[in-house]
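Visitor: Chains as they are written, first to last, in the working numbering: chain R, 1 to 99; chain Y, 100 to 616; chain A, 617 to 1245; chain S, 1246 to 1410. Here a beta-carbon is modelled for each residue, glycine too, at the ideal position from N, C-alpha and C.
1) So what's residue 1069 (chain A) in DSSP terms, helix, strand or just coil?
2) At what residues does the beta strand (DSSP E) containing residue 698 (chain A) begin and finish?
3) Does the beta-carbon distance from residue 264 (chain Y) to residue 275 (chain Y) come in below 9 Å?
4) Check the Cβ-Cβ distances between residue 1227 (chain A) and every residue of chain Y, and say whether any is below 9 Å.
5) Distance, Cα to Cα, residue 1063 (chain A) vs residue 984 (chain A)?
6) Closer than 8 Å is the cut-off here; do at least three beta carbon pairs connect the region 935-944 of chain A with the region 1012-1028 of chain A?
7) According to DSSP, simplified to helix, strand and coil, what is residue 165 (chain Y)?
8) Which bits of chain Y does residue 684 (chain A) rub up against, with CB to CB less than 7 Å?
9) Which residues share a DSSP beta bridge with residue 685 (chain A)?
10) Between which residues of its own chain and residue 1305 (chain S) is the CB-CB distance below 8 Å, once the five residues before and five after are set aside?
11) Since residue 8 (chain R) contacts residue 79 (chain R) with CB under 8 Å, what's their CB separation in whole angstroms?
12) For residue 39 (chain R) versus residue 17 (chain R), is the C-beta spacing smaller than 9 Å?
13) For residue 630 (chain A), I'd like the list of residues in its chain whose CB is within less than 7 Å of its CB, leaving aside the five on either flank, ordered along the chain.
14) Does the distance from the C-beta atom of residue 107 (chain Y) to that of residue 140 (chain Y) stay below 9 Å?
15) Which of helix, strand or coil does DSSP assign to residue 1028 (chain A)?
16) Whole angstroms is fine: what's the gap from residue 789 (chain A)'s alpha carbon to residue 861 (chain A)'s?
17) When burial is assigned at 16 or more other CB atoms within 10 Å of the CB, is residue 1388 (chain S) buried or exposed?
18) Please report the straight-line C-alpha distance between residue 591 (chain Y) and residue 367 (chain Y), rounded to a whole angstrom.
19) Among residues of its own chain, excluding the 5 on either side of residue 961 (chain A), which ones have a beta-carbon nearer than 8 Å to its beta-carbon?
20) Starting from the Cα of residue 828 (chain A), find the closest Cα among A:838, A:894 and A:1092 and give me that residue.
21) Quick check on the DSSP output: the beta strand (DSSP E) that includes residue 180 (chain Y) runs from which residue to which?
22) Determine whether the Cβ of residue 887 (chain A) lies closer than 9 Å to any Cβ atom of chain Y.
23) Mark residue 1221 (chain A) as exposed unless 16 or more other C-beta atoms lie within 10 angstroms of its C-beta, in which case mark it buried.
24) Within 10 angstroms of the Cβ of residue 1170 (chain A), are there 16 or more other Cβ atoms? Answer buried if so, exposed if not.
25) Roughly how many whole angstroms lie between the Cα atoms of residue 791 (chain A) and residue 544 (chain Y)?
26) Does residue 300 (chain Y) come out as helix, strand or coil in the three-state DSSP assignment?
27) Ignoring anything shorter than 4 residues or poking outside the region 983-1062 of chain A, list the alpha helix (DSSP H) runs there in chain order.
28) In the DSSP assignment, what residue or residues form a beta bridge with residue 404 (chain Y)?
29) Distance, Cα to Cα, residue 548 (chain Y) vs residue 537 (chain Y)?
30) With a cut-off of 8 Å, do at least 3 Cβ pairs link the region 135-149 of chain Y to the region 244-259 of chain Y?
31) Looking at the C-beta of residue 11 (chain R), does it have a partner C-beta in chain S at a distance below 9 Å?
32) Please report how far the alpha carbon of residue 840 (chain A) lies from the alpha carbon of residue 1086 (chain A), in whole angstroms.
33) DSSP three-state call for residue 680 (chain A): helix, strand or coil?
34) Counting only C-beta atoms, is residue 25 (chain R) closer than 9 Å to chain A at any point?
35) Drop a sphere of 10 angstroms on the beta-carbon of residue 724 (chain A), count the other beta-carbons inside from all chains shown, and report buried for 16 or more, exposed for fewer.
36) With a Cβ-Cβ cutoff of 9 Å, do residue 952 (chain A) and residue 906 (chain A) count as a contact?
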């Protein structure tokens, strides 16, 4: 069965995404890393679905897809706003919400 | 017939957005809509009052009118409303004081009129819901529902220090609500433990058997949650700020109605649900009541701000309610109900007058007033009347309430009752001090100031007539609530249906789900 | 006729309602008509009821009428019910009769006052409340009247509200009496808890059955009722409010603070006589309180400057006599003195009012003098009043009533000899201060010019009351002087007759009467010696060391005001001044704590998105670690 | 078949690694597209052929196109990178990885050893039935999520244009 290596792959992808998210300062890259992590999660679901022969994994994938679509559209809008206002994509430059 | 109960709640709630929209049509449309809705409610309640057989003896769970619809059956939650004498009297009071509050706001509120009345109607709808709901979750829904509009009413239309006051109000009442929620859910779980079916229904939970320790904690939570709203020391510190900073109409609602929801909760839930605990707890609660009477009176004497004085006097009056509710004698409980109504009328009248003075002088500081009887005799004479009501002059409704409470409490706790009676002297000191500083003495004002308008005067006169009527002929109220009072006493005298036979251990509270059908 | 009883208290109430709601729009004439008319009609109905009452006297000692059930619960049923018997009829007659005369007097006395309608409204309300008090069938209704008259007293003392000190006096009166009222209320709680009823008749019968003589419960209840009575009747130690209460218009002082309200305490004790009989110790306290007040007030009256304060202290003193009589069990004598006192004290106040009226509100007797010729009507009526108060023998009513009291004190098994001596001293002092007033005000040189005698509306009440002050005494003539006893038998339907101590015969009664007569005449004579000559002997007396100590002491009413100021009022003000919300400070600690945490925790909110992401990751790792472990 | 999986997994990992390490946005995006395509192959191998198709169409197509648009809109910020975009070296990495994938797909088609076919067509039907059966609330929630996404994107984008003017 492929599910175990698939789950391993998902973990690795997720880790890579996390590394990207934490290490990159460019907000665009952070979004890309998020996409990677979402995909990793989706892969885990698909693998799980395949392992048990259930359709739920695929359905979860569909939901993740929808989520990603919504997330990306809003997030990219925010990125545009930020770049317009601050003239930079450096995530560390935005700290307006500091407590 | 059961639908009328929903109508009572829905009329103000549905009129609320209407009155918001009404603002666009004309300045007064919002006010008229609100007034119409509340009058309709009042009439409806009157009809119920005239139909209901108040004399018929009824225990708990037998209501004059009842309406039950399934809502979330899996968790034992239903849309369950019930009307008995107590809630009927309080609903009448709610609609009446609501009308008064809207009249009081007629000239007072000039900005965002529609939104104001929308909030008032929502809050009153919530209050009526609280008085009607006998499913705990539904009760909690209304309990929380009324808070938000009230918060907005204070925060948007209040006086200078409104933000502080509204926050304080919200935090205190929310903390109380939290306790209530936890206790309710615990009870529902315990019900599931005992019968295999969770239930939030009043009648079901009444019959619940509890271990002593568990019952203590639950009773304490129910007690504190309602006492915060009542309020009594040491949970009262939100009261003076809130009452003072709120606009006139809202002060009337706060003192006249919101405080009553606390008292209603004590009478409806705390006392009958935990009769054994409450009988042990009674001396403490009555002591708290007496402390509230004295503490409020002493502080009322030291105020220079007119509304603050009234607020503390209100605290003092609420002490009688606590005192009476835990005395658990027929007289004391009858007195509590009477005091609920009477305090609504007297404090409402005083707040109305304080509002009238503020409108004329832009101040609530009594040091800047004096000798006003000469310029505004109508305000002054009405203030005299309500000051007398507030100090418990016989022949007025407050007297009946306070004296019945004291008569009823004396046989249970003589010392505490005597201490509470000292509050009568203090009431005289602060009431007359208020009259002296405001209306008697040297006149400072030289401008000519308009006296009360005919509408305002008529309103106050109506309240005064009600005070006298109930003070000399309290039978309508007493007879309506008699079955409720009888049932309360019965529940207190029966030691909770042989409670210790099947104890539910608290340790198994959150674990076992196995016996779910 | 009897069923018109309810109209007696209701008519003045109706008058009050008309005047209070619509008084400002009525003409003065109409106001006067309504104000006097309502009380007058009450008086007429009282007369009608009286006729029937006396007709049915032998078989029907009382009459009950219930308007409706006031409080109606299964535990407590209290009706708005009237109860007419000999005692209450006496009170009603005095209240409506003298009340009407004083109302009539007021129509002229206050004719140029702004608050004309307000005044009559309050007065009508007072009469209504007072009638409720005396006609009440149960203690709760009595309490209604009790508080009602207190309120009216407050309102009328502070009638001229623009003067702050009047307002203070009014508040003082209300609050001090309220202290008594509260004790009274607690007494009611105990009575109800013990006996399950508040009806006066039932309470008395049940108390006699349930409580043995001298039992603790009876004593406690009696003491509490006594405190209530003491507050209302301005007796020790709650007497301080009455002299200040003279701030009100003079008719008010006449009606409320002389004739009617201040005697409510006497009425209460007489009403509850069975209860007091169960507590002999408390009854003794009643006598002692009366005696002390009598002496305190009489000595204070000697040195006052304000004509009305003199009369106020004299009122306290005379009520002291009544308490003394009650204390020794001479119930009827106390009420007889109440009757005569109402007449002559109302007369004295009204005559004093007439003086004040003609002198443009001058009340200091040291600025008066020689008014005898300028105000003959006033002089003669005042003289009759003063004579009656001093107890000038044979012709005045005061003599008969005071003599009866002193004889009772002399002969009662409950009294002690020193009480009688004290009372005798009081009689002497009464003569002294009464005629000090007469000689200061009406004799000597003219100091302030009067602007003429009052009109008819003021003169008629003066004359009628003067006639009564001379004549009512003949209702009860001691048998040493002929023996006509109407009053005693009349009241004996309600109140027990006093038993005379063994060994009392006519000769001792005659001796006692001569002693009383002599002491009164001695007082009058001394007054003439002191105050009639131009160069006063008194000034020299006052100048001595003894005088320098006693005069200020007496002027301040034996220093009670100062004592209370120090002991209660200043601590109270200190308490209320500093009474911040100390409970709120407890919540302040919570708030400070929350702020402390807020400042520190909000540092974690760096605003950097990568920081948040990292903390989420770390949190997740920790959770996973937890599961792994 | 397992070999195919491991190759695709290696491609995915390599491409992902490049995504997070690359300095140029467009390059990174290209690598991400490759990674997504590789992932869709893995989905296919796991028997979720519908998911694989969606992965390419929506993820690799629609979402990545959005990214590209944004990078283009961010022009001024990316202008100094523009020149380096077009260097042929940039294409080498993604191209190689893509070719590997192409080879795999070609092998799958040629070899005819298609695991998805063995899992018969009712699978898709089952997904649909489950989706609109027990998961109907999830579908509703997803639609509710998409609506604010739409509004948010519209709002944020419009503000930019109006302010830019």
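Guide: A quick look at the data gives this:
1) In the third chain, the residue the question calls residue 1069 (chain A) occupies position 453. Residue 1069 (chain A): coil per DSSP, three-state reduction.
2) Along the third chain, read from residue 1 onward, the residue named residue 698 (chain A) stands at position 82. For residue 698 (chain A), the enclosing beta strand (DSSP E) covers residues 693-701.
3) Here residue 264 (chain Y) is taken as the residue at index 165 of the second chain, counted from 1. Here residue 275 (chain Y) is taken as the residue at index 176 of the second chain, counted from 1. Contact annotation: residue 264 (chain Y) and residue 275 (chain Y) have beta-carbon atoms that are not nearer than 9 Å.
4) Translated into positions along the third chain, residue 1227 (chain A) becomes position 611. Not one chain Y Cβ lies under 9 Å of residue 1227 (chain A).
5) Indexing the third chain from 1 puts residue 1063 (chain A) at position 447. Indexing the third chain from 1 puts residue 984 (chain A) at position 368. Going from the Cα of residue 1063 (chain A) to the Cα of residue 984 (chain A) covers about 5 Å.
6) Three or more Cβ pairs drawn from the region 935-944 of chain A and the region 1012-1028 of chain A lie within less than 8 Å of each other, which places the two stretches in contact.
7) Numbered from its first residue, the second chain carries residue 165 (chain Y) at position 66. Strand at residue 165 (chain Y).
8) As a working mapping, residue 684 (chain A) is identified with position 68 in the third chain. For a Cβ distance threshold of 7 Å, residue set 572 of chain Y lies close to residue 684 (chain A), ordered along the chain.
9) Along the third chain, read from residue 1 onward, the residue named residue 685 (chain A) stands at position 69. Per DSSP, the beta-bridge partners of residue 685 (chain A) are A:695.
10) Along the fourth chain, read from residue 1 onward, the residue named residue 1305 (chain S) stands at position 60. By the criterion of a C-beta distance shorter than 8 Å, residue 1305 (chain S) is surrounded in its chain by 1278, 1281, 1282 and 1285, once the five residues flanking it on both sides are discounted.
11) Counting from one through the first chain, the residue named residue 8 (chain R) turns up at place 8. Counting from one through the first chain, the residue named residue 79 (chain R) turns up at place 79. Contact between residue 8 (chain R) and residue 79 (chain R) does not hold, since the beta-carbon distance rounds to 32 Å and is not under 8 Å.
12) Along the first chain, one-based indexing puts residue 39 (chain R) at 39. Along the first chain, one-based indexing puts residue 17 (chain R) at 17. Yes, Cβ-Cβ distance for residue 39 (chain R) and residue 17 (chain R) is below 9 Å.
13) As a working note, residue 630 (chain A) is residue 14 in the third chain. Scanning its chain for C-beta atoms nearer than 7 Å, with the 5 sequence neighbours on each side dropped, one finds around residue 630 (chain A) the residues 654, in chain order.
14) Your numbering for residue 107 (chain Y) matches position 8 in the second chain. Your numbering for residue 140 (chain Y) matches position 41 in the second chain. Yes. Within cutoff.
15) Here residue 1028 (chain A) refers to the residue found at position 412 of the third chain. Here residue 1028 (chain A) sits in coil by DSSP.
16) As a position in the third chain, residue 789 (chain A) is number 173, starting the count at 1. As a position in the third chain, residue 861 (chain A) is number 245, starting the count at 1. In this structure, the CA atom of residue 789 (chain A) is about 7 Å from the CA atom of residue 861 (chain A).
17) As a working mapping, residue 1388 (chain S) is identified with position 143 in the fourth chain. Residue burial is scored here from C-beta neighbours: residue 1388 (chain S) has fewer than 16 other C-beta atoms within 10 angstroms and is therefore classed as exposed.
18) As a first step, residue 591 (chain Y) must be located in the second chain, where it is residue number 492. As a first step, residue 367 (chain Y) must be located in the second chain, where it is residue number 268. So the two alpha carbons sit approximately 12 Å from each other.
19) Along the third chain, read from residue 1 onward, the residue named residue 961 (chain A) stands at position 345. 870, 874, 875, 927, 930, 931, 934, 1001 and 1005.
20) Taking the first residue of the third chain as position 1, residue 828 (chain A) is located at position 212. It is A:894 whose Cα lies nearest to the Cα of residue 828 (chain A).
21) To locate residue 180 (chain Y), count along the second chain from 1; it is residue 81. Segment 176-182, the beta strand (DSSP E) holding residue 180 (chain Y).
22) Locating residue 887 (chain A) in the third chain gives position 271, where the first residue counts as 1. Output row for residue 887 (chain A): interface = no.
23) Translated into the one-based positions of the third chain, residue 1221 (chain A) becomes position 605. The residue is exposed, with fewer than 16 neighbouring Cβ atoms inside 10 Å.
24) If you number the third chain from 1, residue 1170 (chain A) lands on position 554. Classification for residue 1170 (chain A): buried.
25) Here residue 791 (chain A) refers to the residue found at position 175 when the third chain is read from its first residue. Here residue 544 (chain Y) refers to the residue found at position 445 when the second chain is read from its first residue. Each residue's Cα considered, the two are about 29 Å apart.
26) Taking the second chain and counting its residues from 1, the one referred to as residue 300 (chain Y) is at position 201. In this structure, residue 300 (chain Y) counts as strand in the three-state DSSP scheme.
27) With a minimum length of 4 residues, the continuous alpha helix (DSSP H) runs that stay inside the region 983-1062 of chain A are 987-990, 992-1006, 1013-1027 and 1033-1058.
28) For the purposes of this step, residue 404 (chain Y) is identified with residue 305 of the second chain, where counting begins at 1. Per DSSP, the beta-bridge partners of residue 404 (chain Y) are Y:464.
29) Residue numbering aside, residue 548 (chain Y) sits at position 449 when the second chain is read from its first letter. Residue numbering aside, residue 537 (chain Y) sits at position 438 when the second chain is read from its first letter. In a straight line, the C-alpha of residue 548 (chain Y) is about 15 Å away from that of residue 537 (chain Y).
30) Taking 8 Å as the limit for Cβ pairs, the verdict is that the region 244-259 of chain Y does not touch the region 135-149 of chain Y.
31) The count along the first chain starts at 1 and reaches residue 11 (chain R) at position 11. No, residue 11 (chain R) does not count as interfacial toward chain S.
32) Mapped onto the third chain, residue 840 (chain A) falls at position 224. Mapped onto the third chain, residue 1086 (chain A) falls at position 470. Pairing residue 840 (chain A) with residue 1086 (chain A), the inter-Cα distance amounts to about 37 Å.
33) As a first step, residue 680 (chain A) is located in the third chain; it is residue number 64 there, counting from the start. Looking at residue 680 (chain A) - three-state DSSP - the assignment turns out to be strand.
34) Along the first chain, read from residue 1 onward, the residue named residue 25 (chain R) stands at position 25. It does; some Cβ of chain A falls within 9 Å.
35) Mapped onto the third chain, residue 724 (chain A) falls at position 108. Buried is the call here.
36) For the purposes of this step, residue 952 (chain A) is identified with residue 336 of the third chain, where counting begins at 1. For the purposes of this step, residue 906 (chain A) is identified with residue 290 of the third chain, where counting begins at 1. No, Cβ-Cβ distance for residue 952 (chain A) and residue 906 (chain A) is not below 9 Å.
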